[in-house]
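A.B. asks: Take a look at the following structure, please.
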Amino acid sequence: MDKKLKILFISSEVEGFSKTGGLADVAKSLPIELRNLGHEVKIITPFYRAINHSEDAQQLLNLVLKTDYSRPDIHFQVHQLDLDGIPVLTIDNAHYFDRDGLYGEDNRAYQDNGERFAFFSWAAIKACDAMDFTPDIIHCNDWHTGLVPYLLKTRYADNSRFADTKTVFTTHNACYQGIFDKSQLNIIPEVGSCMDDRVLDNYSYINYLKVGLTYSDKINTVSPNYASELLTPLGSHGMSELFIRRIHDFEGILNGCDYNDWNPETDPYIPVNFSATDISGKEICKNTLQKEVGLPSSDNPFFGMVCRITDQKGFGLILPMLERFLKHNVQVVIVGSGEPSITGQLNAIAAHFPNKFKFINIYSDKLAHMVEAGADFFLMPSIFEPCGLNQLYSLAYGTLPIVRAVGGLKDTVLDYDQDPDSANGFVFFDPNPNQLLHILRRALLLYIEHPEEMLRLKTKAMQSHFYWSDAAKHYEHLYYSALKKLHF
């Protein structure tokens with residue numbers, strides 16, 4: 001029997017404490033399931049100004065990063081919070097993390113993000129060493145932690161604590177690579193002066209994602225289909241050669257869904273709870289949602305969408321066809337915030353169709369849950385989607401996902417026209433507004449003409465389950481395979 005592991009999970013955000021996207025959900029749910037498998041897990045994340053439960057933080061350590069003579073040493077504190085019995089260790093430095101946002105403000109990234117997360121990567125290793133914790137596995141996530149594997153194999157190569165430690169690096173979204181001028185690496189001078197082109201491109205820029213993928217012992221991403229896409233130039237955002245080079249150390253592991261938070265039988269945010277055996281409460285949730293967003297009570301099909309307002313989410317497909325779709329007897333609500341060029345167009349369309357379309361330019365947990373529970377269909381026409389979580393939430397609530405066949409959406413949603421008996425939603429392929437309009441009309445037709453089939457399909461969707469406990473077993477296998485890896 002394989003031994004139980006000591007795992008250090010490093011993430012720039014963790015659900016319950018800080019969050020901008022799905023990375024935070026993974027950083028909460030996966031460690032809990034790994035702990036449930038018997039492993040000892042600690043999480044390290046930044047102590048942001050807006051971190052939740054900061055009043056409960058217990059200070060553990062005062063530490064110093066010794067820089068070269070040209071820069072002052074960097075002092076920081078390590079605080080401890082709790083996640084379901086798992087220690088959450090937070091790196092606290094006011095200069096880097098006492099800011100309004102996690103990565104930026106007003107849709108603009110902080111100019112010193114490269115330096116901020118170079119500090120975080122170094123501080124995470126320093127904190128681990130100072131706590132006398134010897135991990136078997138250090139699990140890094142996205143570009144923010146890309147320097148950790150590099151530092152372990154260079155600066156910490158002779159540190160006995162990490163002699164047998166292996167690293168796993170998860171790419172949650174290869175679009176975000178963390179590319180910075182090498183001047184942001186001054187706090188770690190050996191990186192800024194490195195002559196290895198795997199570290200510095202043209203001796204000028206660093207790509208944190210590239211470094212993490214290069215120096216980790218094993219790499220993975222968040223769905224099998226996205227793993228396949230990362231082997232192509234288009235799907236990998238120019239990183240395919242690196243993924244291909246590491247093909248024997250690379251796999252896709254599908255994210256799970258946290259059914260403690262997303263469960264229509266227990267959800268405290270919705271007016272009436274319901275289940276796959278009695279879905280009648282969904283109609284009350286729909287009526288409440290209509291009232292909440294300011295749409296008239298109606299039996300017409302309701303299409304919902306909750307997301308960051310970015311091109312990735314398919315607004316280049318939605319905006320050209322939305323007014324044509326709204327000429328039908330439908331209601332649509334889109335909830336989220338993001339790029340002003342898109343939100344402005346959504347506001348203009350909403351003004352022309354006040355009884356059919358609402359755009360709520362804010363993210364709200366309560367409203368997100370109400371949309372999942374009250375809508376008939378959930379819209380996810382993403383240009384790319386490494387895994388996606390909202391389609392999983394939608395399935396749990398019997399809200400049929402309408403998705404494009406990319407990334408994890410293709411792994412989790414089965415198209416009605418392709419396989420009616422097994423289907424749990426609707427799938428289209430071409431990134432074309434007319435294709436999106438066609439699939440929306442197809443869903444609308446089924447709703448109007450075959451209500452009994454709609455009920456069966458909603459019930460079928462609610463029987464689709466994607467458990468984090470299953471994903472954790474795949475990660476466990478990945479960890480063991482990393483520990484058996486003899487050479488870098």
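Position one of the sequence shown corresponds to residue 1 (the UniProt record's numbering), numbered consecutively onward.
Cβ atoms here follow ideal geometry from the backbone N, Cα and C, with glycine treated the same way.
1. Should the segment 255 to 263 be regarded as contacting the segment 182 to 189, the criterion being three or more beta carbon pairs within less than 8 Å?
2. Closest to Gly-398 by CA distance: which of Ile-342, Lys-286 and Ile-309 is it?
3. Tell me the DSSP secondary structure of Met-1 in three-state form.
4. Which of helix, strand or coil does DSSP assign to His-438?
5. So what does DSSP say about Glu-13, is it helix, strand or coil?
6. Could you tell me the alpha carbon to alpha carbon distance between Leu-147 and Gly-101, rounded to whole angstroms?
7. Skipping 5 residues on each side, what residues in its chain have a beta carbon closer than 8 Å to that of Thr-459?
8. What would DSSP say about His-172, mapped onto helix, strand or coil?
9. What residue range does the beta strand (DSSP E) around Asn-207 cover?
10. If you draw a straight line from the C-alpha of Phe-17 to the C-alpha of Pro-401, how long is it?
11. Quick check on the DSSP output: the beta strand (DSSP E) that includes Ile-125 runs from which residue to which?
12. Roughly how many angstroms separate the alpha carbons of Leu-483 and Cys-387, rounded to a whole number?
13. DSSP three-state call for Tyr-269: helix, strand or coil?
14. Looking at the structure shown, is Asn-202 part of a helix, part of a strand, or coil, going by DSSP?
15. Is the beta carbon of Ser-481 closer than 7 Å to that of Glu-33?
16. Could you tell me which residues DSSP puts in a beta bridge with Tyr-467?
17. Specify the secondary structure class of Glu-339 as computed by DSSP and reduced to three states.
18. Enumerate in chain order the residues of its own chain whose CB-to-CB distance from Ser-364 is below 8 Å, with the five nearest sequence positions on each side excluded.
19. Smallest Cα separation from His-369: which of Phe-357, Met-239 and Gly-304?
20. Gln-331 and Leu-295: beta carbons closer than 7 Å?
21. On the three-state DSSP scale, how would you describe Cys-140?
22. Fully enclosed by the segment 261 to 338, which beta strand (DSSP E) runs are 3 residues long or longer?
23. For Asp-92, write down the residues that DSSP places opposite it in a beta bridge.
24. Does the segment 109 to 118 come into contact with the segment 71 to 79, if we say contact requires no fewer than three beta-carbon pairs (one atom in each stretch) closer than 8 Å?
25. Considering only the alpha carbon of each residue, which of Ala-130, Cys-140, Asp-84 and Val-333 lies closest to Phe-117?
26. Counting only the same chain and skipping the five closest in sequence on each side, list residues whose C-beta sits under 7 Å from that of Tyr-48.
27. Quick one: residues in its chain with C-beta nearer than 7 Å to the C-beta of Thr-232, no 5 flanking neighbours on either side, listed in chain order?
28. What separation, rounded to the nearest whole angstrom, lies between the Cα atoms of Glu-252 and Asn-225?
29. Got a sec, what are the start and stop residues for the alpha helix (DSSP H) Lys-182 sits in?
30. Please classify Ala-109: does DSSP put it in a helix, a strand, or coil?
31. Tell me which same chain residues have a C-beta within less than 6 Å of the C-beta of Asn-173, skipping the five on either side of it?
C.D. replies: Reading it off the structure:
1. Result no; under three Cβ-Cβ pairs closer than 8 Å.
2. Against the sequence shown, residue 398 aligns to sequence position 398. It is Lys-286 whose Cα lies nearest to the Cα of Gly-398.
3. Here the question's residue 1 lines up with position 1 in the sequence shown. The predicted model places Met-1 with a pLDDT of 48, which falls under 50 and marks its position as unreliable; any figure quoted below should be read in that light. In this structure, Met-1 counts as coil in the three-state DSSP scheme.
4. Residue numbering aside, residue 438 sits at position 438 when the sequence shown is read from its first letter. In the three-state DSSP reduction, His-438 falls in the helix class (H, G or I).
5. Counting from one through the sequence shown, the residue named residue 13 turns up at place 13. In this structure, Glu-13 counts as coil in the three-state DSSP scheme.
6. Working through the sequence shown from its first residue, we reach residue 147 at position 147. Working through the sequence shown from its first residue, we reach residue 101 at position 101. Taking the straight line from one Cα to the other gives about 22 Å.
7. On the sequence shown, position 459 is the one that residue 459 refers to. Counting only Cβ-Cβ distances below 8 Å, and skipping sequence neighbours, we find Ala-276, Ile-279 and Gly-398.
8. Here the question's residue 172 lines up with position 172 in the sequence shown. Here His-172 sits in coil by DSSP.
9. Here residue 207 corresponds to residue number 207 of the sequence shown, with the count starting at 1. Note, Asn-207: beta strand (DSSP E), 205 to 207.
10. As a first step, residue 17 is located in the sequence shown; it is residue number 17 there, counting from the start. As a first step, residue 401 is located in the sequence shown; it is residue number 401 there, counting from the start. Roughly 29 Å separates the two Cα atoms.
11. Here residue 125 refers to the residue found at position 125 of the sequence shown. Careful: Ile-125 lies outside any beta strand (DSSP E), inside the alpha helix (DSSP H) at 113 to 130.
12. In the sequence shown, counting from the first residue as 1, residue 483 sits at position 483. In the sequence shown, counting from the first residue as 1, residue 387 sits at position 387. So the alpha carbons of these two residues sit roughly 26 Å apart.
13. Against the sequence shown, residue 269 aligns to sequence position 269. Here DSSP, grouped into helix, strand and coil, assigns Tyr-269 to coil.
14. Position 202 of the sequence shown, counted from the first residue, corresponds to residue 202. DSSP places Asn-202 in coil when its eight states are reduced to three.
15. Taking the sequence shown and counting its residues from 1, the one referred to as residue 33 is at position 33. Taking the sequence shown and counting its residues from 1, the one referred to as residue 481 is at position 481. Taking 7 Å as the Cβ cut-off, Glu-33 and Ser-481 do not qualify as a contacting pair.
16. Position 467 of the sequence shown, counted from the first residue, corresponds to residue 467. Per DSSP, the beta-bridge partners of Tyr-467 are Cys-257.
17. As a working mapping, residue 339 is identified with position 339 in the sequence shown. Three-state result, Glu-339: coil.
18. Position 364 of the sequence shown, counted from the first residue, corresponds to residue 364. The residues are Val-335.
19. As a first step, residue 369 is located in the sequence shown; it is residue number 369 there, counting from the start. Distances from the CA of His-369 to each of Phe-357, Met-239 and Gly-304 were compared; the closest alpha carbon is that of Gly-304.
20. If you number the sequence shown from 1, residue 331 lands on position 331. If you number the sequence shown from 1, residue 295 lands on position 295. Taking 7 Å as the Cβ cut-off, Gln-331 and Leu-295 qualify as a contacting pair.
21. Here the question's residue 140 lines up with position 140 in the sequence shown. Of the three classes helix, strand and coil, the one that applies to Cys-140 here is strand, per DSSP.
22. Listed in chain order, they are 302 to 306 and 331 to 335.
23. The sequence position of residue 92 within the sequence shown is 92, counting from 1. Per DSSP, Gln-77.
24. Contact between the segment 109 to 118 and the segment 71 to 79 is absent, because fewer than three Cβ pairs lie under 8 Å.
25. As a working mapping, residue 117 is identified with position 117 in the sequence shown. For the options Ala-130, Cys-140, Asp-84 and Val-333, the alpha carbon positioned closest to that of Phe-117 is the one of Cys-140.
26. Here residue 48 refers to the residue found at position 48 of the sequence shown. Same-chain partners within the cutoff: Ser-18, Phe-97 and Leu-102.
27. Residue numbering aside, residue 232 sits at position 232 when the sequence shown is read from its first letter. These residues qualify, in order along the chain: Ser-240.
28. Counted from its first residue, the sequence shown places residue 252 at position 252. Counted from its first residue, the sequence shown places residue 225 at position 225. It should be noted that the sequence gives Gly, not Glu, for residue 252. So the two alpha carbons sit approximately 7 Å from each other.
29. Residue numbering aside, residue 182 sits at position 182 when the sequence shown is read from its first letter. In this chain, Lys-182 is not harboured by any alpha helix (DSSP H), its DSSP state being neither H nor E.
30. As a working note, residue 109 is residue 109 in the sequence shown. Here Ala-109 sits in strand by DSSP.
31. Numbered from 1 along the sequence shown, position 173 holds the residue referred to as residue 173. Excluding residues within five positions, the ones whose Cβ falls inside 6 Å are Pro-386.
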